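This report concerns only the one structure given below.
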Amino acid sequence: MSDIELRHLAAMAAVAEEGSFGRAAARLGYTQSTVSQQIAALERAVGGAVFDRPGGPKPVRITPLGTVVLTHGLDLLAKAETLADQVDRFKAGEGRVDIGTFQSVSNVILPEVVHRLRQEYPYCEIRLFEEETGRPQVGGLDLLFFDGRAEGDIEHLKLLDDPYVLVAREGTFPEGPVPWARLDGAPMVAYPPLCDQARVERALAGEGVNPRIVFRTVGNEALVSMVRAGIGSAVLPRLAVHGATVRAEAVLHVHELHPPLPPREIFLLWNAGRTHSPLAALAIEIAVDVAAELAGRA
1 MSDIELRHLA AMAAVAEEGS FGRAAARLGY TQSTVSQQIA ALERAVGGAV
51 FDRPGGPKPV RITPLGTVVL THGLDLLAKA ETLADQVDRF KAGEGRVDIG
101 TFQSVSNVIL PEVVHRLRQE YPYCEIRLFE EETGRPQVGG LDLLFFDGRA
151 EGDIEHLKLL DDPYVLVARE GTFPEGPVPW ARLDGAPMVA YPPLCDQARV
201 ERALAGEGVN PRIVFRTVGN EALVSMVRAG IGSAVLPRLA VHGATVRAEA
251 VLHVHELHPP LPPREIFLLW NAGRTHSPLA ALAIEIAVDV AAELAGRA
């Protein structure tokens with residue numbers, strides 16, 4: 001049975017519908033001998049005749065075995081056609097891409113990535129999974145935005161450096177860059193010590209600078225709101241400030257730090273050895289372009 005081929009089943013279906021080998025050959029664009037050979041090969045594979053051949057002008061008749069073969073054969077032909085259609089759609093970018101992300105990327109980078117991706121492939125499905133974790137969880141995702149490198153069987157592509165700035169209420173610090181020493185003992189609001197936040201706090205502590213953390217949350221908007229309310233200042237990546245409602249004319253002021261903290265690095269990660277779909281490959285290209293544009297405006 002392993003010798004059955006789709007072309008054999010297609011020939012059988014044509015003969016059954018047309019009632020003769022000659023008309024089936026004309027319909028398929030084959031010679032009559034070719035159709036006869038394909039039916040003969042099918043009959044050898046199933047171990048019996050699928051057509052009775054009365055000869056002369058009389059139409060061929062399907063046998064009981066042929067009825068069984070044709071019933072399942074038509075189902076296989078339909079599935080093969082569906083498979084071919086889905087493969088064509090996949091190659092045309094009409095599939096799905098699963099992207100892992102986090103706040104700053106979701107608010108600043110991803111909107112433009114999704115917009116350009118849908119311009120190219122308007123019928124694609126884009127699923128986003130947002131999570132703040134200390135370690136990258138690529139899992140079954142096609143791509144993962146993450147603020148750090150990954151260990152293990154993961155490939156990574158650096159997109160951009162995201163410099164840190166100090167967000168404070170107007171008048172908390174003098175105009176201009178703020179030395180790290182001014183943060184020692186100052187009330188601060190901050191992210192939980194996950195991802196890059198732990199590195200920032202270690203860098204400050206290494207210079208003897210220990211801010212008084214009075215509130216922690218993963219939410220960019222919540223942190224900015226706490227600063228606005230006078231709870232404390234915040235050291236935030238510039239993308240977080242870009243995506244939050246920091247109004248220059250309001251009570252908030254954005255300072256550079258002196259010296260600058262080492263920037264947060266944003267990477268695009270995926271499982272090593274993974275063959276990218278056309279959608280995922282284009283998403284990578286677009287993400288690189290958008291990141292370069294953001295870096296150019298910084």
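At position 213 of the sequence shown (counting the first as 1) the number is 213 in UniProt numbering, and the numbers step up by one without a gap.
Cβ coordinates follow ideal geometry from the N, Cα and C atoms, glycine included.
For clarity, every value in this text was computed on a predicted model and none was experimentally measured.
Through-space distance from Gly-73 to Ala-80, alpha-carbon basis: 10 Å
Distance check for Leu-9 and Asp-239, CA to CA, integer angstroms please. Per the sequence shown, the amino acid found at residue 239 is Leu instead of Asp. Taking the straight line joining both Cα atoms gives about 59 Å.
Unbroken beta strand (DSSP E) run spanning Pro-187, endpoints: 187-190
Under 8 Å between C-beta atoms of Glu-155 and Leu-269: Closer than 8 Å, so yes.
In the DSSP assignment, find the beta strand (DSSP E) that holds His-255 and state where it starts and stops. 252-255 is the extent of the beta strand (DSSP E) around His-255.
Using only the alpha-carbon positions, how far apart do Arg-264 and Leu-159 sit? 11 Å
How should Val-105 be labelled, buried or exposed, when 16 other C-beta atoms within 10 angstroms of its C-beta is the threshold for buried? buried
Under three-state DSSP, which class holds Asp-98? strand
Quick check on DSSP: helix, strand or coil for residue 299? Here the chain covers residues 1 to 298 and nothing more, so residue 299 does not appear.
First through last residue of the beta strand (DSSP E) which encompasses Ile-237: In the sequence on display, residue 237 carries Pro and not Ile. 234-237 is the extent of the beta strand (DSSP E) around Pro-237.
Report the rounded CA-to-CA distance for Gln-119 versus Gly-171, giving the unit in angstroms. 45 Å
Use the C-beta contact count for Glu-43: other C-beta atoms within 10 angstroms, 16 or more gives buried, fewer gives exposed. Glu-43 comes out buried.
Sub-8 Å separation of Leu-141 and Asp-98 beta-carbons: yes
Using CA coordinates, which residue listed in Gln-137, Asp-161, Val-167, Ala-26 is at the minimum distance from Thr-101? Gln-137
For Met-188 and His-115, what's the separation of their Cα atoms in angstroms? 36 Å
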